[in-house]
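For the record, in the sequence shown the residue sitting at position 150 is 195 according to the working numbering, with numbers rising by one throughout.
Even for Gly, the Cβ is constructed at its ideal location relative to N, Cα and C.
Worksheet: the structure to be examined is printed underneath.
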Amino acid sequence: MTNTGSGLLARLRQTLAPALFGPPVLAFLPALTLATYWLGGEAALLSVALGLPVLIAATGGFSKLGGSSLPRDSVTGMILRDGFEKETARIYEECADSDLRSAIFVLELDDYKDLADRHGQEAGDRIMQHCGAQIASVLRQSDTVARIGDSRFAIALAPTLQLDLELCIQLAGRMQTAAEEPVPLDGTTVYMTSSIGFCQRNRAPATGANDWISSATTALAEAQSSGPGGIRAFSADMSGRGNSRTNLREEAAAALEGGQIQAWFQPQICTDTGRVSGFEALARWSHPVQGLIPPSTFLPALEEAGLMDRLSQVMLYNALVAIKAWDAAGVHVPSVGVNFATQELRNPGLASRVKWELERFELPPERLCVEILETVMTDQPDDVVTRNILALSDLGCQIDLDDFGTGHASIAAVRRFSISRIKIDRSFVMKADRDPEQQKLISAILTMAERLDLETLAEGVETAGEHALLAQLGCGHVQGFGIGRPMPFDQTLDWITAHEAKLQDAPVIGRHTP
Ligand code: C2E
Ligand code: CA
Ligand code: CA
């Protein structure tokens with residue numbers, strides 16, 4: 046009975062509140078007062094003057110007005126972190142002595158920094174506006190949404206009686222789908238993914254509202270570490286994992302020396318023949334307690350510790366050992382790609398070290414594919430970086446221009462550095478089979494590459510549709526989860542055997558397929 050009563054009141058509040066507190070009502074207030082006096086005399090005037098504030102208070106109007114006085118983000122119009130903390134503290138208390146439940150969600154766009162770098166800050170703002178509005182559209186008016194970082198939103202649910210883990214996961218999925226709605230920008234469409242961490246009120250540490258927010262943030266970090274588009278619920282055993290940066294730096298350095306950071310290999314396929322045309326070596330940290338840690342977590346720590354050069358030594362060594370092992374097993378893997386960051390390319394001894402390693406393994410330089418980010422070429426590379434790239438291509442290594450389309454490498458730079466192949470960034474490949482705009486961009490890149498006599502590889506190919514389209518458009522090679530995920534060396538031989546067996550049975554998706 047009481048439940049029905051309070052439900053009715055809540056519904057009444059929701060219906061009346063916008064009508065009562067909107068600017069139009071306030072504008073008509075003087076007229077309303079006058080009319081009451083004329084029609085009903087002093088008694089009516091008195092009852093309106095006293096009754097209206099009571100009605101506003103009863104429908105939660107004063108708290109709304111208070112909320113709106115909190116500082117707001119100029120881009121999304123949302124409250125900021127301080128305001129969110131206040132709101133959360135209120136909800137935390139409200140749930141403390143009752144059966145009411147709530148949850149905090151923290152959502153972050155996975156690719157925001159790249160997008161803002163590529164399209165500019167104004168476009169970044171448009172993206173955040175769009176995502177913010179989308180997220181709000183799947184929530185109730187009484188829930189709180191705030192912008193708490195460049196690409197981060199925090200959501201606190203208004204306390205309710207029915208809220209369990211299942212509902213939270215569903216809601217996180219709905220928010221994710223809403224936030225990932227493509228954004229039209231500069232005549233093209235931008236696709237994004239987002240990660241979400243959340244913490245239910247009854248799972249939050251008993252130490253206050255701020256720790257509740259931190260718990261949701263910890264869950265977000267966990268979601269992000271498992272790759273783009275993750276959702277994680279907070280659990281108490283995650284708390285200990287939020288190591289400080291110093292700890293992480295020291296741990297990562299020890300892991301690199303101790304051999305816990307090794308190369309995993311992701312296959313690349315030739316679209317003409319369907320056969321393996323190479324593998325990319327990607328760093329993975331096999332942590333004895335935490336399991337597999339992706340490079341996005343530990344590369345910044347290694348960079349801070351000045352250990353990127355050491356990482357490239359390990360990765361190069363792993364890659365050359367792998368080529369030798371494939372050769373010995375009689376499987377044909379033409380080349381292996383190794384990533385070299387700017388910090389590694391600044392080492393004046395890099396080219397001679399690579400030469401020495403290739404000689405030691407008795408491997409011809411073309412078996413090694415040096416992957417260099419397009420952004421390295423646009424940041425006015427210093428003399429050592431330039432010399433290294435030139436020396437590596439003179440040596441006979443293939444040079445892949447990584448994440449092509451995210452920087453502004455000039456055609457002159459592509460020529461000067463003897464780039465052999467461009468790796469078309471994942472952002473162009475996403476949903477390419479269903480979006481004509483994406484297809485136009487890919488076609489333009491492929492035409493340019495053909496004119497410049499460059500090979501092409503598309504990254505992040507996740508579906509058979511994307512694979513088929515890229516083959517039809519004439520992209521030379523493909524790489525992505527849809528073909529094979531990065532795997533430890535031990536699994537590569539089985540993977541190659543299974544792949545070759547599939548080729549025997551199936552027609553090749555390729556340019557020359559009848
Ligand atoms: P990258 O060089 O662009 O590598 C491709 C990344 O995309 C890899 O992420 C790979 O796992 C992921 N990927 C591949 N296919 C798909 C797909 O279909 N869908 C999606 N969503 N992702 C896909 P990973 O291994 O996490 O590496 C991230 C970045 O870290 C790399 O991006 C590279 O820039 C850097 N990195 C990795 N290993 C090394 C290394 O040994 N040295 C240096 N300097 N950087 C490295
Ligand atoms: Ca790469
Ligand atoms: Ca890439």
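Next item on the list: Measure the alpha-carbon distance for PHE462 versus GLN313 and round it to whole angstroms.
Entry: Counting from one through the sequence shown, the residue named residue 462 turns up at place 417. Counting from one through the sequence shown, the residue named residue 313 turns up at place 268. Taking the straight line from one Cα to the other gives about 23 Å.
Item checked: Ordered list of alpha helix (DSSP H) runs contained in the region 161–236, each at least 4 residues -> 166–182, 210–224
Item checked: Uninterrupted beta strand (DSSP E) stretches inside the region 239–275 (no shorter than 3 residues) -> 239–245
Check: How big is the Cα-Cα spacing for ASN392 and PRO345?
Finding: Locating residue 392 in the sequence shown gives position 347, where the first residue counts as 1. Locating residue 345 in the sequence shown gives position 300, where the first residue counts as 1. Straight-line Cα distance between these residues: approximately 18 Å.
Notebook entry, point to check: Does the Cβ of SER488 have 16 or more other Cβ atoms within 10 Å, making it buried, or fewer, making it exposed?
Noted result: Working through the sequence shown from its first residue, we reach residue 488 at position 443. Exposed is the call here.
Notebook entry, point to check: Can you tell me whether DSSP reads GLU407 as helix, strand or coil?
Noted result: As a position in the sequence shown, residue 407 is number 362, starting the count at 1. Coil at GLU407, not helix or strand.
Checklist line | 8 Å CB neighbourhood of GLN443 in its chain, flanking five on each side removed | finding: As a first step, residue 443 is located in the sequence shown; it is residue number 398 there, counting from the start. Excluding positions up to five away in sequence, the list reads SER380, GLU411, LEU413, CYS414, VAL415, SER465, ARG466.
Notebook entry, point to check: With DSSP run on the structure shown, which of helix, strand or coil describes PRO481?
Noted result: Mapped onto the sequence shown, residue 481 falls at position 436. In this structure, PRO481 counts as helix in the three-state DSSP scheme.
Notebook entry, point to check: Exposed or buried, which one is ARG405 when buried takes at least 16 other CB atoms within 10 Å?
Noted result: Numbered from 1 along the sequence shown, position 360 holds the residue referred to as residue 405. Classification for ARG405: exposed.
Checklist line | Inter-residue spacing [alpha-carbon to alpha-carbon] between GLY323 and ARG185 | finding: Counting from one through the sequence shown, the residue named residue 323 turns up at place 278. Counting from one through the sequence shown, the residue named residue 185 turns up at place 140. If you take the alpha carbons of GLY323 and ARG185, they lie about 50 Å apart.
Next item on the list: For my contact list, MET422 and GLY452 are in at a C-beta cut-off of 8 Å; report their separation, rounded to the angstrom.
Entry: In the sequence shown, the residue the question calls residue 422 occupies position 377. In the sequence shown, the residue the question calls residue 452 occupies position 407. That pair is a contact at about 7 Å.
Checklist line | Candidates THR263, ASP127, GLU507: closest to ALA250 by CA position | finding: Along the sequence shown, read from residue 1 onward, the residue named residue 250 stands at position 205. The sequence as given places Pro at residue 250; Ala does not occur at that position. Ranking THR263, ASP127, GLU507 by Cα distance to PRO250 puts THR263 first.
Notebook entry, point to check: Could you give the residue range of the alpha helix (DSSP H) that holds PRO340?
Noted result: The residue you call residue 340 lines up with position 295 of the sequence shown. Its alpha helix (DSSP H) spans residues 340–349.
Check: Hey, would you say the C-beta of SER341 is under 7 Å away from at least one heavy atom of ligand 1?
Finding: By one-based count along the sequence shown, residue 341 stands at place 296. SER341 Cβ: within cutoff of ligand 1.
Next item on the list: Provide the residue span of the beta strand (DSSP E) that contains SER331, from first to last.
Entry: Translated into the one-based positions of the sequence shown, residue 331 becomes position 286. Run containing SER331: 321–332, per the beta strand (DSSP E) assignment.
Check: What first and last residue would you give for the beta strand (DSSP E) that runs through HIS544?
Finding: For the purposes of this step, residue 544 is identified with residue 499 of the sequence shown, where counting begins at 1. That residue, HIS544, is in no beta strand (DSSP E); its alpha helix (DSSP H) goes 534–550.
Margin query: Rounding to the nearest angstrom, what Cα-Cα distance links ILE172 and ILE434 in this structure?
Written below: As a first step, residue 172 is located in the sequence shown; it is residue number 127 there, counting from the start. As a first step, residue 434 is located in the sequence shown; it is residue number 389 there, counting from the start. Distance between the alpha carbons of ILE172 and ILE434: 36 Å.
Next item on the list: Assign GLY336 to one of three DSSP states: helix, strand, or coil.
Entry: As a first step, residue 336 is located in the sequence shown; it is residue number 291 there, counting from the start. DSSP places GLY336 in strand when its eight states are reduced to three.
Notebook entry, point to check: Of the residues GLU153, GLN166, ASP256, PHE129, which one's Cα is nearest the Cα of LEU202?
Noted result: Counting from one through the sequence shown, the residue named residue 202 turns up at place 157. Of GLU153, GLN166, ASP256, PHE129, the residue nearest in Cα terms is PHE129.
Checklist line | Range of the contiguous beta strand (DSSP E) that encloses ALA503 | finding: Against the sequence shown, residue 503 aligns to sequence position 458. Taken as a continuous stretch (DSSP letters only), the beta strand (DSSP E) holding ALA503 covers 500–503.
Notebook entry, point to check: Span of the alpha helix (DSSP H) holding VAL359?
Noted result: In the sequence shown, counting from the first residue as 1, residue 359 sits at position 314. It spans 353–374 - the alpha helix (DSSP H) in which VAL359 sits, taken as one unbroken run.
Checklist line | Segment contact flag, the region 291–301 with the region 502–522, C-beta cutoff 8 Å, min 3 pairs | finding: no
Next item on the list: May I ask you to report which of helix, strand or coil DSSP gives HIS522?
Entry: For the purposes of this step, residue 522 is identified with residue 477 of the sequence shown, where counting begins at 1. Residue state, collapsed to three classes: strand.
Next item on the list: Work out the CA separation of HIS377 and GLU545 for me, nearest whole Å.
Entry: By one-based count along the sequence shown, residue 545 stands at place 500. By one-based count along the sequence shown, residue 377 stands at place 332. Whole-angstrom Cα-Cα distance: 11 Å.
Item checked: Contact test: GLU504 Cβ vs ligand 3 heavy atom, cutoff 7 Å -> For the purposes of this step, residue 504 is taken as the residue at position 459 of the sequence shown. Because some heavy atom of ligand 3 lies under 7 Å away, the Cβ of GLU504 counts as near it: yes.
Next item on the list: Return yes when at least one heavy atom of ligand 2 lies under 7 Å from the C-beta of GLY382, else no.
Entry: For this step, residue 382 is matched to residue 337 along the sequence shown. Because some heavy atom of ligand 2 lies under 7 Å away, the Cβ of GLY382 counts as near it: yes.
Notebook entry, point to check: Under three-state DSSP, which class holds GLN443?
Noted result: Position 398 of the sequence shown holds residue 443. Reduced to three states, the DSSP call for GLN443 is strand.
Notebook entry, point to check: Between ASN384, LEU408, LEU265, which lies nearest to LYS369 when the distance is taken from Cα to Cα?
Noted result: Here residue 369 refers to the residue found at position 324 of the sequence shown. That would be LEU408, whose Cα lies nearest to the Cα of LYS369.
Notebook entry, point to check: Say the cut is 7 Å; is the CB of LYS158 nearer than that to a heavy atom of ligand 3?
Noted result: To locate residue 158, count along the sequence shown from 1; it is residue 113. No; taking the cut-off as 7 Å, the Cβ of LYS158 has no heavy atom of ligand 3 nearer than that.
Notebook entry, point to check: Under a three-way DSSP split, which group does ASP448 fall into?
Noted result: Your numbering for residue 448 matches position 403 in the sequence shown. Correct three-state label for ASP448: strand.
Next item on the list: Take GLN335 as the anchor and find which of ASP144, VAL383, CYS315, GLU267 has the nearest alpha-carbon.
Entry: Position 290 of the sequence shown holds residue 335. Of the candidates ASP144, VAL383, CYS315, GLU267, the one whose C-alpha sits nearest the C-alpha of GLN335 is GLU267.
Checklist line | Extent of the continuous alpha helix (DSSP H) run through LEU497 | finding: Along the sequence shown, read from residue 1 onward, the residue named residue 497 stands at position 452. Taken as a continuous stretch (DSSP letters only), LEU497 belongs to no alpha helix (DSSP H), as it is neither H nor E.
Note to self: Nearest by alpha-carbon distance to ASP428: which of THR387, SER455, GLY441 is it?
What the structure shows: Position 383 of the sequence shown, counted from the first residue, corresponds to residue 428. That would be THR387, whose Cα lies nearest to the Cα of ASP428.
Item checked: Whole-angstrom distance between SER472 and ASP478, CA atom to CA atom -> For the purposes of this step, residue 478 is identified with residue 433 of the sequence shown, where counting begins at 1. For the purposes of this step, residue 472 is identified with residue 427 of the sequence shown, where counting begins at 1. Near 13 Å, if we compare the C-alpha coordinates of SER472 and ASP478.
Next item on the list: Flag ASP550 as yes when its Cβ comes closer than 7 Å to any non-hydrogen atom of ligand 2, and as no otherwise.
Entry: On the sequence shown, residue 550 is found 505 positions in, with the first residue counted as 1. Checking every heavy atom of ligand 2 against the Cβ of ASP550, none is found closer than 7 Å.
Check: If you draw a straight line from the alpha carbon of ILE541 to that of LEU115, how long is it in whole angstroms?
Finding: Position 496 of the sequence shown holds residue 541. Position 70 of the sequence shown holds residue 115. Whole-angstrom Cα-Cα distance: 59 Å.
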